[in-house]
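Notes to accompany the following structure.
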Amino acid sequence: MSMRVPVHGRFTADWQRFAYAPFETPGVHVAERSADGSAYTEDAELVPPEGERWSAPEFQGGRLWFSAQQGGVGGVGNVYFLEIDDDGGGYSDDRTFEVPSVPEQAVPSPDRSRLLVHDDTAWYGIDPDAEPGAADRLFDVVTDGSREGYPLVAGRA
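Once you know that position 98 of the sequence shown is 1338 in the working numbering, the rest is easy, because the numbers rise by one and skip nothing.
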């Protein structure tokens, strides 16, 4: 990926689409691979509600997960997912997670069956087939001994 492209995002498993969130706009963009496979062109721009910024998109099967943060309001955020239809031209959205503080990380579980999210106090597991807003509190965030209590992040081996 070019370092000059101001994006962070993920490709679908078949490499046909990728999602990114440029710094210049508050929304998430989806690009589709051309028929000859030589380039990706923007297919859709998903525009958030006024005052919200969407970021950290990641594909999981036919779903596009991303986080949403309310601009100018500290400690308010959500994680959404979109169901993308077969032709890529439409989607439906659900708010999947809501906590009093901003989600700090959101990653698929190792088997990609759930989304794992943590805020400044706990890790949560979100089942994509569950009701919107449902999340299981898995365990508290382990913090270091400093006054700030920074989360300790364990990497996967």
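Where a beta carbon is used, it is the ideal one built from N, C-alpha and C, also for glycine.
Residue i and residue j: beta carbons closer than 8 Å?
{"i": "W1294", "j": "V1268", "result": "yes"}
{"i": "P1288", "j": "P1262", "result": "no"}
Which partner residues of residue i appear in the DSSP bridge assignment?
{"i": "P1348", "result": "L1355"}
{"i": "W1363", "result": "H1358 and F1379"}
{"i": "T1252", "result": "According to DSSP, which records beta bridges pairwise, T1252 is partnered with nothing at all."}
{"i": "E1290", "result": "Its beta-bridge partners do not exist; DSSP assigns none."}
{"i": "S1295", "result": "S1307"}
{"i": "T1281", "result": "E1272"}
{"i": "F1258", "result": "F1251 and A1271"}
What's the gap between the Cα of residue i and the Cα of residue j?
{"i": "A1253", "j": "Y1364", "result": "25 Å"}
{"i": "Q1310", "j": "E1292", "result": "4 Å"}
{"i": "R1303", "j": "S1349", "result": "14 Å"}
{"i": "E1272", "j": "D1360", "result": "35 Å"}
{"i": "W1255", "j": "W1305", "result": "17 Å"}
{"i": "L1355", "j": "L1378", "result": "12 Å"}
{"i": "D1351", "j": "A1284", "result": "28 Å"}
{"i": "R1250", "j": "E1264", "result": "18 Å"}
{"i": "G1277", "j": "D1367", "result": "34 Å"}
{"i": "S1353", "j": "S1274", "result": "30 Å"}
{"i": "A1279", "j": "V1381", "result": "41 Å"}
Pick from the options: whose alpha carbon is nearest that of residue i?
{"i": "L1286", "options": "V1357, A1275, S1307 and Y1280", "result": "S1307"}
{"i": "E1298", "options": "D1276, R1273 and V1347", "result": "V1347"}
{"i": "T1281", "options": "Q1345, F1258 and R1303", "result": "F1258"}
{"i": "H1358", "options": "G1291, D1376, T1265 and P1368", "result": "D1376"}
{"i": "D1369", "options": "Q1345, Q1300, F1251 and F1379", "result": "Q1300"}
{"i": "Q1345", "options": "R1250, A1362 and S1274", "result": "A1362"}
{"i": "Y1260", "options": "I1366, A1296, V1381 and A1275", "result": "A1296"}
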